[in-house]
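In this note's numbering, the protein residues as written are 13 to 469. Note that beta-carbon positions come from the ideal geometry of N, C-alpha and C, so glycine has one too. Please read all numbers here as calculations on a predicted model, not as lab measurements. Some notes on the structure that comes next.
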Ligand code: PLP
């Protein structure tokens, strides 16, 4: 049978796109002036546009294609599973081998407190599941008043009602009356932007102690959980000072509050450890996962449920009235099993830690001396450049976002995808990038910085 996706010219795709397609996170007035870029295929770390142009994908799609594009084993796993059992669910006392096997594999690669998983279709659904699980947990334990979940400003936890509420993105809250009740936000550990005269170490403690202040303000017996991304991704790759997470761990332990580490971006090798929680030495009770779980080849997410919560959920909680049609979708699970096996068999996480991260770190730091760059920071294969008006005082540009957008467009014109968060340029390339491709990434980034500077004068 012929493909259902016909051959069309770029102009034809753009016209159809403008006529029919409402894009996520897109200003359509701006889009209609430019016309959409159309990506037709990809291989390794490279994307190809409809006109044949090749672009190095410095963002792994949306931080997900950790194994790079075109992995035949993942396509084969999907094809085989679609023929064997394309769909069945796990509601009502039934399951199937791909979901059970993926649950087993996850219990092997996650920290030791995790032996259970609840599957979802995405990271947002995983965070909705977190809200429901946390509240159900406390209710079963006879503390139904413990409903409040504390998150951070400028966090990103997805785009469903609960995900966007847990997130701390003001523009998202302004649309649709968010956050939903029982979710509050404290300051973020963003030293470059908010640390003032404090050292990063001092600021890390100040930012973490905002959690204790909020717990005391609300009353400790009303607080159910604290949620944070080990490294804030969409907020601008905010790498907390080394003092931050240990202090957060001390505070949640002191008040008996559940700790949720959103590993949707940091999980599956991004930091050079399997999970960001391991990089920072924290012990979460729940870990939302998605993205790198299937390397983005099919939509799947989940919540790793630690022993403390699993004991209650499996022994005392009765029926949990929660689940999705695509929870544990067999084809997505089969692909995720294969993605995890590739990460393990090819020792990709160790290669990130021992080889790729040190090399990228060294090359990335070279950009710190550029006149536009106030800070170049990186952990594993996730990094950021802060573009500033004045390096010494960390003074930002008057119209936040304008310079970042200019730099992003110049990157794309040079054949590199870097994302702009306001005036912070961010990267998270596939974990299979080579040294030569790291050189290409850094050189294209430098060229775009030079061109941005030129256009500012
Ligand atoms: N959590 C984090 C930390 C994320 O970065 C994202 C997406 O970028 C999500 C949750 C939401 O995942 P999804 O887009 O799969 O719903």
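>> Spatial neighbours of residue 277 within its chain, please: C-beta separation below 6 Å, excluding the five flanking residues on both sides.
In response: Excluding positions up to five away in sequence, the list reads 75, 245.
> Cα separation between residue 402 and residue 283?
Replying inline: A direct Cα-Cα distance of roughly 30 Å separates residue 402 from residue 283.
>> Report the start-end ranges of each alpha helix (DSSP H) in the segment 54-97 that is 4 residues or longer and not cut off at the edges.
In response: The alpha helix (DSSP H) runs of length 4 or more contained entirely in the segment 54-97 are, from start to end of the chain, 72-75, 84-96.
> Within 8 Å: the Cβ of residue 171 and any heavy atom of the ligand PLP?
Replying inline: Relative to the ligand PLP, the beta carbon of residue 171 is positioned inside 8 Å of a heavy atom.
>> Quick check on this structure: which residue in 353, 205, 57, 221 has the alpha carbon closest to the alpha carbon of residue 113?
In response: The shortest Cα separation from residue 113 among 353, 205, 57, 221 belongs to 353.
> What's the gap between the Cα of residue 44 and the Cα of residue 30?
Replying inline: Looking at the two C-alpha atoms, the distance is approximately 7 Å.
> Given 8 Å as the limit, is there contact between the segment 426-437 and the segment 65-79, that is, 3 or more CB pairs closer than that?
Replying inline: Contact holds: three or more Cβ-Cβ distances are below 8 Å.
>> With H, G and I counted as helix, E and B as strand and the rest as coil, what does DSSP make of residue 456?
In response: Here residue 456 sits in helix by DSSP.
>> Helix, strand or coil for residue 300? Go by DSSP, reduced to three states.
In response: DSSP places residue 300 in the strand class (E or B) of the three-state scheme.
> Is the Cβ-Cβ distance between residue 300 and residue 272 less than 9 Å?
Replying inline: In contact: residue 300 and residue 272 (Cβ atoms closer than 9 Å).
> For residue 340, which three-state DSSP category applies?
Replying inline: It is coil, neither helix nor strand.
>> Just verifying my parser: in three-state terms, what is the DSSP assignment at residue 389?
In response: Correct three-state label for residue 389: strand.
> Can at least three beta-carbon pairs, one atom from the segment 365-381 and one from the segment 136-154, be found at a separation below 8 Å?
Replying inline: No, the segment 365-381 does not touch the segment 136-154.
> Taking DSSP as the reference, what is the three-state secondary structure of residue 126?
Replying inline: In the three-state reduction of the DSSP assignment, residue 126 falls in the strand class.
> What separation, rounded to the nearest whole angstrom, lies between the Cα atoms of residue 369 and residue 166?
Replying inline: Approximately 26 Å between the Cα atoms of the pair.
> How would you label residue 192, buried or exposed, when you count the other beta carbons within 10 angstroms and need 16 or more for buried?
Replying inline: It counts as exposed.
> Based on the DSSP secondary-structure assignment, which residues constitute the bridge partners of residue 398?
Replying inline: In the DSSP secondary-structure assignment, residue 398 is bridged to 387, 436.
> Can you tell me where the alpha helix (DSSP H) with residue 406 in it begins and where it stops?
Replying inline: Unbroken run through residue 406: none, as it is neither H nor E.
> Is residue 277 helix, strand or coil when you go by DSSP?
Replying inline: Three-state result, residue 277: coil.
>> For the ligand PLP, I want to know if residue 168 counts as a neighbour, meaning its beta carbon is within less than 8 Å of at least one of the ligand's heavy atoms.
In response: Answer for residue 168: yes, Cβ within range of the ligand PLP.
> Mapping DSSP to helix, strand and coil, what is residue 9?
Replying inline: In the structure as shown, the chain starts at 13 and stops at 469, and residue 9 therefore has no counterpart that could be examined.
> Comparing alpha-carbon positions, which option in 224, 225, 236, 202 lies nearest residue 195?
Replying inline: Of the candidates 224, 225, 236, 202, the one whose C-alpha sits nearest the C-alpha of residue 195 is 236.
> In angstroms, rounded to a whole number, what distance separates the CA positions of residue 63 and residue 22?
Replying inline: Our two residues, residue 63 and residue 22, have alpha carbons roughly 7 Å apart in a direct line.
> Leaving out five residues before and five after residue 348 in sequence, what residues of the same chain have Cβ atoms less than 6 Å from its Cβ?
Replying inline: So the list reads 114, 305, 306, 312, once near-sequence residues are dropped.
>> Need the endpoints of the beta strand (DSSP E) that residue 316 sits in, please.
In response: Per DSSP, the continuous beta strand (DSSP E) segment holding residue 316 begins and ends at 313-318.
>> Just to confirm before moving on: does the CB-CB distance between residue 392 and residue 256 stay below 9 Å?
In response: In this structure, the beta-carbon distance from residue 392 to residue 256 does not fall below 9 Å.
>> Between residue 411 and the ligand PLP, is there a pair consisting of the residue's CB and a ligand heavy atom that are separated by less than 8 Å?
In response: No, the ligand PLP has no heavy atom inside 8 Å of this Cβ.
>> Between residue 318 and residue 296, how many whole angstroms is the CB-CB distance? I'm expecting something under 8 Å.
In response: Between residue 296 and residue 318 the Cβ distance is about 7 Å, and since that is below 8 Å, they are a contact.
>> To the nearest angstrom, how far is the alpha carbon of residue 96 from that of residue 350?
In response: Annotation: residue 96 to residue 350 spans about 16 Å, alpha carbon to alpha carbon.
> Nearest CA to the CA of residue 10: which residue from 131, 421, 157?
Replying inline: The requested residue 10 does not occur in the structure, where the chain is confined to residues 13 to 469.
> Roughly how many angstroms separate the alpha carbons of residue 285 and residue 327, rounded to a whole number?
Replying inline: The alpha-carbon atoms of residue 285 and residue 327 are separated by roughly 32 Å.
> Alpha carbon to alpha carbon, how far is residue 435 from residue 462?
Replying inline: Within the model, the alpha-carbon separation for residue 435 versus residue 462 is close to 15 Å.
>> With three or more beta-carbon pairs closer than 8 Å as the criterion, would you say the segment 33-43 touches the segment 397-413?
In response: By the Cβ criterion, the segment 33-43 is not in contact with the segment 397-413, since fewer than three pairs of Cβ atoms, one from each stretch, lie closer than 8 Å.
> At which residues does the alpha helix (DSSP H) containing residue 185 begin and terminate?
Replying inline: In this chain, the alpha helix (DSSP H) harbouring residue 185 covers 182-186.
>> According to DSSP, is residue 223 part of a helix, a strand, or is it coil?
In response: Taken through DSSP and simplified to helix, strand or coil, residue 223 comes out as helix.
>> Taking 8 Å as the cut-off, is the beta-carbon of residue 62 closer than that to any non-hydrogen atom of the ligand PLP?
In response: No, Cβ of residue 62 sits at least 8 Å from all heavy atoms of the ligand PLP.
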